[in-house]
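> To start, I am sharing the structure in question, which I have written as structure tokens.
Put into structure tokens, the structure is as follows:
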């Protein structure tokens with residue numbers, strides 16, 4: 001993972017160097033990755049019981065205008081995904097908790113003078129999310145009841161009544177997919193070898209994938225949007 005991330009960051013640096021004609025070595029992995037880790041360490045908080053340190057759930061990598069505008073959107077998205085995975089690995093390796101499902105974004109700051117800046121903010125705790133539900137296009141709602149984050153209760157989705165969530169549609173398999181809520185408050189969707197596939201935002205779930213608020217989940221040909229409140 002880290003080798004791939006290094007190649008992507010080097011690509012950003014090379015593109016920016018050649019196109020804006022000045023050094024952006026500050027974007028090198030040896031600068032950026034420690035900056036992310038430092039931002040996490042400086043923003044740790046204690047949980048309500050005072051027994052575990054909790055990392056912030058919202059991190060943004062601000063790029064100055066020159067760097068941001070010269071790097072292809074596809075490259076930025078690949079870097080964003082790899083950075084998020086790298087940060088999650090760091091948090092898990094250090095046995096930190098997460099205040100909410102991790103959101104990591106790359107943004108443009110036209111007033112930023114240095115190549116990048118790591119910014120941290122705190123979002124609502126995963127335990128503060130009172131309800132989660134799937135909302136169909138016709139307004140129908142399916143409530144998701146996982147229990148507390150980390151309990152690993154699995155909800156199965158399928159066509160027959162033995163499932164937790166029943167979708168009576170011929171394109172839905174008998175046991176089609178499953179959903180769990182991890183310790184970070186994230187919903188993980190897994191396909192159970194369905195005939196017509198499980199999709200998140202039109203991307204097929206090959207084994208498992210994270211479902212976030214506002215994402216579209218398609219089971220067979222039936223689509224829902226994940227809502228939280």
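In our numbering, the protein residues as written are 1 to 229. Each residue gets a CB set at the ideal place from its N, CA and C atoms; glycine is no exception.
Quick check on the DSSP output: what are the complete beta strand (DSSP E) runs of length 3 or more inside the stretch 46-93, in order along the chain?
53-55, 58-64
> Quick check: the Cα distance between residue 213 and residue 226, rounded to an integer number of angstroms?
Here residue 213 is taken as the residue at index 213 of the chain shown, counted from 1. Here residue 226 is taken as the residue at index 226 of the chain shown, counted from 1. The alpha-carbon atoms of residue 213 and residue 226 are separated by roughly 5 Å.
> Any idea which residues DSSP pairs residue 155 with across the strands?
Taking the first residue of the chain shown as 1, we reach residue 155 at position 155. In the DSSP output, where bridge partners are listed per residue, residue 155 has 179.
> Could you check if residue 219 is buried or exposed, using at least 16 other CB atoms within 10 Å of its CB as the buried criterion?
Within the chain shown, the letter at position 219 stands for residue 219. Residue burial annotation: residue 219 is buried, with at least 16 other C-beta atoms found within 10 angstroms of its C-beta.
> What residues in its chain sit with their C-beta under 8 Å from that of residue 153, if we drop five residues either side in the sequence?
Taking the first residue of the chain shown as position 1, residue 153 is located at position 153. Contacts found: 146, 147, 180, 181.
> Specify the secondary structure class of residue 160 as computed by DSSP and reduced to three states.
Taking the first residue of the chain shown as position 1, residue 160 is located at position 160. The answer is coil: DSSP assigns residue 160 none of H, G, I, E or B.
> Which residues share a DSSP beta bridge with residue 204?
Numbered from 1 along the chain shown, position 204 holds the residue referred to as residue 204. Within the DSSP secondary-structure output, residue 204 pairs in a beta bridge with 199.
> Check whether the stretch 74-82 and the stretch 99-112 are in contact - that is, three or more C-beta pairs closer than 8 Å.
Touching, per the Cβ criterion.
> Give the DSSP-derived three-state secondary structure of residue 98 in the structure shown.
The count along the chain shown starts at 1 and reaches residue 98 at position 98. In this structure, residue 98 counts as strand in the three-state DSSP scheme.
> Over the uninterrupted beta strand (DSSP E) stretch that includes residue 132, give me the two end residues.
Taking the first residue of the chain shown as 1, we reach residue 132 at position 132. Looking at the DSSP string, the run of the beta strand (DSSP E) that includes residue 132 is 132-136.
> Please list, in chain order, all residues of the same chain as residue 194 whose beta carbon is under 6 Å from its beta carbon, the five residues on each side excluded.
On the chain shown, position 194 is the one that residue 194 refers to. Cβ neighbours of residue 194 beyond the five flanking positions: 173, 176.
> How many angstroms separate the CA atom of residue 306 from the CA atom of residue 221?
With the chain running from 1 to 229 in the structure shown, residue 306 is simply not present.
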